[in-house]
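Just so it is clear: in the sequence shown, position 252 is 247 by the working numbering, and no numbers are missing. Structure first, then comments.
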Amino acid sequence: MRHNFNNERHRGHHGAGQFTSQQFPIAGSSGREFSPIPGGGSNHNFPSSSTGNNSANFRSFSQQQVQNFCNYKPKRDFNRCLSQHLNAVPSRWTREQAERIRITRENSAPVISPPIPRISEDLWVWDMWPLQEKDGSIAVLPGGWRVLFTLSAPRSVLPNNRHDVARIAYFYSRDGLNWIQGGLVFEEGTAFGSRQWAGSAMIDNGKIHYFYTASGRRGEAQITYEQRIAYTSSGFVSDLDGVEFVNFTPHQIILEPDGVLYQTLEQSEQSESTIIYAFRDPWFFKDPATGCEYLLFEGNIAGNNSEINCGLTGELEQQASQYTGNIGIALLRNNSYTSWQLLPALLEAGCTNQQTERPHIIVSSGRYYLFTDSHRFTFAPGLTNGPGPDGLYGFVANTLRGNYQPLNSGGLVVSNPIEEPNQAYSWLVLPDFSVLSFIDTYNLQGITTDELSNLPESFQIEHFGGTLAPTLQLRVSGRTTEIVADYDFGLVMVSQTESPKCCWNGNEDGPENERCQSCECRNHNDDCGCRQNDHHKCRDYDDECGCKHNDHHKCGDYDDECSCKQNDHHKCEDYDDGCRCKHNDSKCRRCGYDDGKGNDECKYKQSDHRCSCNSSIQFPKLDPNRFVERPRCGCSNN
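Written as structure tokens, this is what we have:
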């Protein structure tokens, strides 16, 4: 029998009413992962690189941290979460740091040898991401299924043209190794963009939430490179027979570059950059220290590139100023994942690199490891030791905001081998520091990728992988990393993040007497103690079931504390978070910005009367000379 989980809770975490301090094993610590499949055995051929006989390390979370994490509400906690970003400035990946990049035995991936198994017989697949829990742990659906999403294109398309027709496909597997093709995720014509690029997906409260890049516009006659971040959600059907996604909500555009913090397409075109700008690759991240929820993404520094001063001279200055990659971040504003606040970038690579693709964070031992992918051709010219290789690059800091410092001195974590410089790309680090990627072009026999498009189509197809590469295993210690193992092609191991756990059921490694206090109220008398009348529904109440409004009101017209007192004919989308009217014209949809005083921040776009939003939140103006590297005096106290 199939179970439809669209309206049922997944086994995920629920908010707790009473909290104690917690200890939780640190990702990658000693111990062996065991299969979550009922009756299944251990991942016998997939041990963690750090598996051993030593006891596991633990990280402690205070009572307040657990409460912030588990009882987080985007609207109520917005100012708390925003406060750490108000005076923040981005960390920098400097030219000096990039000149320390070296390919070593510790960061060079092994050469991939044939035969190469294919995850699909009819699709090219590349950028991939697993379905994760809200805290970032690898999700396992009923039936024992792990789910992997990938970008895909028909194998009838030449490899170099695959980005122009990309769609998101999914696969599922019980052992994380033998993947079953499930099909395309979105019904054709429902997603934004003429094609979809990389994103992320997480499961929470019985729903799957999808964040993806909408590239171009649906139905456009010619390919364009506008990039926006889109969202939808769905239910799912998962049992012993497989996995399906059902009952999708309408897709929505949730983030666009603002031209102030992040470069727009128009600004990029005015700058005449030879490498396309970026506003893509959304990655959902819940900060274990605060509970605040974010999207990370690849972006570029806002404005005209000519305004940037690299501190170089002549033509080199003009060339280097065109390299403006950054790692962006946005803070969630509402419960429906449709309203976000752009924040100052976490990291900038001005004058150093143009692309910081697929950014993501793994927290380990309280440190924030920020990873991103980059190509050789996206490094700025004039670096003393030449550009870095196609590779996975990483940075580490003690807090989400940084200051981030490059791992291994220059940032390089995984490089393609020197003899196969293009064999893999799109590396993604999972909570146990295992690393996924896909097989790109290989065995080119000395031919450069620039020459590849001029060769026969049969040669291009023969030398493109378009499938999952062997999974690598990192060992991470402070600011250094090394590759210590390579596993089977496309292996996804079950692993958990280092974060508070909110709902103990007595079968997990936590206090057995701690009970879930989230009011589901499906029976109006559940274990959480909700006692409202039958005609009330729990969605009309806050998490403690404390809403006291009249029956004819609906909590959808209220903030999280159900304090809205507008009349029934008003709609909450016409109000700010405190249910204060923001505008008089009902055609103007809710913006999602609130200055705290109820002022109207909606302004019409004359072309289509679509409501645009101008946030009154001000961030520090960045110095255009910040990329000029100051000479060091060389002094020492030794």
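Built from N, CA and C at the ideal position, the CB exists for glycine as well. Here the structure is a predicted model, which means the values were calculated and not measured.
Query                                                                                                                      : Result
Neighbour-count burial assignment, L81, 16 or more Cβ in a 10 Å radius                                                     : exposed
Own chain partners of N393 with C-beta closer than 8 Å, once the 5 adjacent residues on each side are dropped              : G361, R362 and Y363
CB-CB length for T476 against L486, believed under 8 Å                                                                     : Rounded, the Cβ-Cβ distance is 19 Å, inconsistent with contact.
Where E182 sits in the DSSP three-state scheme                                                                             : coil
For F64, the first and last residue of its enclosing beta strand (DSSP E)                                                  : Careful: F64 lies outside any beta strand (DSSP E), inside the alpha helix (DSSP H) at Q58 to C65.
Beta-carbon contacts of R621 that lie in its chain and below 6 Å, excluding the five residues immediately before and after : none
Test item: CB-CB of L77 and Q455 under 8 Å                                                                                 : no
For G309, the three-state DSSP class (helix, strand or coil)                                                               : helix
Status (buried if at least 16 other CB within 10 Å, exposed otherwise) for R141                                            : buried
CB contact flag (L291, I322, <8 Å)                                                                                         : yes
Residue-level contact to chain D via CB, Y220, 8 Å cutoff                                                                  : The structure shown contains no chain D; it holds only a single protein chain.
Of the residues E457, A161 and T443, the one placed nearest R213, counting alpha carbons only                              : A161
Counterpart residues of R275 in DSSP-defined beta bridges                                                                  : E293
Residues that K496 bridges to, as DSSP identifies them                                                                     : Per DSSP, none; premise fails for K496.
Q455 (DSSP reduced to helix, strand or coil)                                                                               : helix
With 16 other Cβ atoms within 10 Å as the buried cut-off, status of V106                                                   : exposed
Identified DSSP bridge partners for F484                                                                                   : P465
Inter-residue spacing [alpha-carbon to alpha-carbon] between G460 and D72                                                  : 45 Å
Beta carbon of T269 nearer than 8 Å to that of N300                                                                        : no
Helix, strand or coil at V120 according to DSSP, with G and I counted as helix                                             : strand
Boundaries (first-last residue) of the alpha helix (DSSP H) holding F231                                                   : Note, F231: premise wrong, no alpha helix (DSSP H); beta strand (DSSP E) at Q222 to D234.
C-beta atoms of Q262 and G294 nearer than 8 Å                                                                              : no
Which residues DSSP lists as bridging I640, in chain order                                                                 : Because the chain spans -4 through 633 in this model, residue 640 falls outside it and cannot be assessed.
Contained beta strand (DSSP E) runs [length at least 3] in the stretch 359 to 388, N- to C-terminal order                  : 362 to 369
At least 3 beta-carbon pairs within less than 8 Å: the stretch 272 to 289 vs the stretch 235 to 245                        : no
Beta-carbon spacing of C346, S369 below 8 Å                                                                                : no
From Y399, D385 and S448, residue whose alpha carbon lies closest to that of N102                                          : D385
For K281, the residue or residues it bridges with in DSSP                                                                  : E288
Simplified DSSP state of V623, which is helix, strand or coil                                                              : coil
Exposure label - R190; buried when at least 16 CB within 10 Å                                                              : buried
CB-CB length for E264 against P85, believed under 8 Å                                                                      : 24 Å between Cβ atoms; not a contact.
Outcome for T462 when other beta-carbon atoms lying within 10 angstroms are tallied against a minimum of 16                : buried
Those residues which DSSP pairs with V424 across a bridge                                                                  : V430
Counterpart residues of Q191 in DSSP-defined beta bridges                                                                  : A209
Inter-residue Cα distance where the pair is G306 and T89                                                                   : 12 Å
CB of I271 within 8 Å of CB of V489, strictly                                                                              : no
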